Amino acid sequence: MLAYCNLYQCIIPVLVPHFNVGNGNLKLFYCSLGCSPEIHVTGVPANRNPGVWCERMGGMTQMPLVAAIALIVAAVLFVVGIITLIVGFATHRVSVESPLADDDDNDDLSDDTATLLSMLPGASVVVDEHDEVVRCNPAAYRLGVVSDDAIAQQQVLDAIHEARKSGGKRQFDLTTDTPERYVVAQNKGDHVATQSVHRPNWLKVTVGRINEQFVIVLITDVSDVIRFAQVRDSFITNVSEQLLGPTEALAKLADSLESGNLDEQQVAADARQVRSSCSKLNHMVSDLLLLIRAQEPITPSSANRLNVMEQLRATAARLEPQAAEAGVQLNIKGDDDLVINGEADQIDSAVTKLIENAIGYSKENGVVSVSASKDKDGDRAVIRVIDQGTGIAKKDQARIFERFYRGVEQSNRTADGVGLGLAIVKHVALTHHGDVTVWSAPGQGSTFSLTLPLAQ
């Protein structure tokens, strides 16, 4: 307050210079050395006409009484306004710079701790002595550890209680599910897939006590590492199984030749088995190479614009002899103006796999229809391959796009497959920013829809 009083004393003499106002025998005087007005009763100055006089700097000037009072009132109000503004500004600074004086201060983390938590690469959660979440990053919600601002996993809650009671840290593995509201499709085509695919989260959790009040939960998501290991192990297992057939057939033929007791019929049978195994092995290697190429996303450009119907007609023409041999009619129709961005070889491979599957599972004299049209929004091309074959059981539909997966019911025309065809279709769709879906019912056939964005 001393500073504001001094400031007041400095402003008054400047805004209201040393002067007296008199009316008859009343004089108002502001002292240049003080803060308060002084009232003086004076007589009418000598040899002056009665009226209103202002004395300033030793001189006397006549002034109307109303004007003099108005001047003083205006000056006083101006000074009061300036002081109010300064006090308000200073009060605001104090409120901003000073800690809040309420009980919530004791419930918050220190700035250093909060800064450190924000720098951690994984998810983190801080709970208080009532197990209420006081700080949490979005990843903890997405991973299913926190829900509605509370710990959602009992195993984590038990570890919090132990750490609070005994100190130290607790480390353990945890498997959770991502809540459905946090599963976000990358584009319109991904929506169907996200509703049917279940992907757990594999987490490594560390729980420790910060102080008497707070316990921290640190979460490291190792799901990608686990999934990669699973895919790797599954791939090695499946490829090994596919290689066993050809090697066994070759070994059997070699035994027959080495025995010296050559039975022409047996040798011919072994040779046919070797040829079949080699054909299957060649098929697998070709599919693996296609699968490897269908990994990198396609970048749209003027150099990779494709007319959809031209591509479909070229693929169908190449597969026409195969369809004729199976006694299946192949029909192609669609919109000639559909253009997409894509790699011609990959699109050809995906459509080939769909048509080959349709031919393979169709009955003799069946019809396979291939069409292309815009989706209902008009910004995506939909390639449909429809057959009237045996159909796909409901239990198999969720897995048919997995690598090396083969359903129980196989025809003679599909026996040489290794279960990579639809996996290739899925990866081609993903690299072209699209998706693939299936509708099927046993005895009613199947419809596969490959949806791809139109070129802009």
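Residue numbers for the sequence shown follow the UniProt record's numbering, beginning at 1 and rising by one.
Positions of the beta carbon are idealized from the N, C-alpha and C atoms, including for glycine.
In this text, all values refer to a predicted model and were calculated from it rather than measured experimentally.
Residues near residue i in its chain [Cβ-Cβ closer than 6 Å; skip 5 each side]
i: residue 243; result: none
i: residue 456; result: none
i: residue 428; result: 294, 346 and 350
i: residue 323; result: 330 and 359
i: residue 277; result: 245, 246 and 249
Euclidean distance between Cα positions of residue i and residue j
i: residue 261; j: residue 316; result: 48 Å
i: residue 304; j: residue 349; result: 16 Å
i: residue 175; j: residue 146; result: 13 Å
i: residue 205; j: residue 218; result: 6 Å
i: residue 115; j: residue 435; result: 42 Å
i: residue 289; j: residue 240; result: 16 Å
i: residue 438; j: residue 403; result: 16 Å
i: residue 162; j: residue 207; result: 9 Å
i: residue 369; j: residue 387; result: 7 Å
i: residue 129; j: residue 209; result: 11 Å
i: residue 382; j: residue 332; result: 14 Å
i: residue 344; j: residue 321; result: 21 Å
i: residue 442; j: residue 399; result: 16 Å
i: residue 265; j: residue 258; result: 16 Å
i: residue 225; j: residue 232; result: 11 Å
i: residue 341; j: residue 440; result: 29 Å
i: residue 394; j: residue 279; result: 31 Å
i: residue 177; j: residue 140; result: 12 Å
i: residue 144; j: residue 131; result: 17 Å
i: residue 179; j: residue 223; result: 16 Å
i: residue 126; j: residue 296; result: 39 Å
i: residue 444; j: residue 283; result: 29 Å
i: residue 328; j: residue 361; result: 10 Å
Status (buried if at least 16 other CB within 10 Å, exposed otherwise) for residue i
i: residue 432; result: buried
i: residue 421; result: buried
i: residue 326; result: buried
i: residue 302; result: exposed
i: residue 167; result: exposed
i: residue 401; result: buried
i: residue 237; result: exposed
i: residue 378; result: exposed
i: residue 164; result: buried
i: residue 390; result: buried
i: residue 356; result: buried
i: residue 119; result: exposed
i: residue 159; result: buried
i: residue 426; result: buried
i: residue 286; result: exposed
i: residue 228; result: exposed
Integer Cβ distance of residue i from residue j, believed to fall under 8 Å
i: residue 353; j: residue 298; result: About 18 Å; that fails the 8 Å criterion.
i: residue 373; j: residue 337; result: No, residue 373 and residue 337 are not in contact; Cβ-Cβ is about 11 Å, not under 8 Å.
i: residue 371; j: residue 384; result: 5 Å
i: residue 270; j: residue 252; result: 5 Å
i: residue 312; j: residue 339; result: Going by Cβ atoms, the distance from residue 312 to residue 339 rounds to 13 Å, so no, they are not a contact pair.
Sequence-distant residues of its chain with Cβ nearer than 8 Å to residue i (five each side left out)
i: residue 173; result: 202, 203, 204 and 205
i: residue 6; result: Unreliable positioning characterises residue 6 in this predicted model, as indicated by a pLDDT of 37, which lies under 50. The coordinate reading is nonetheless provided below. The answer is none, since no qualifying residue turns up.
Neighbourhood of residue i by C-beta, 7 Å cutoff - its chain only, sequence neighbours within 5 removed
i: residue 137; result: 123 and 124
Enumerated in chain order, which unbroken segments of the alpha helix (DSSP H) with a length of 4 residues or greater are wholly contained in the region 359-429?
394-397
Complete runs of the alpha helix (DSSP H) confined to the region 261-318 [at least 4 residues]
264-293
Taking only runs that begin and end inside the region 322-347, name each unbroken beta strand (DSSP E) of 3 or more residues, in chain order.
329-334 and 339-341
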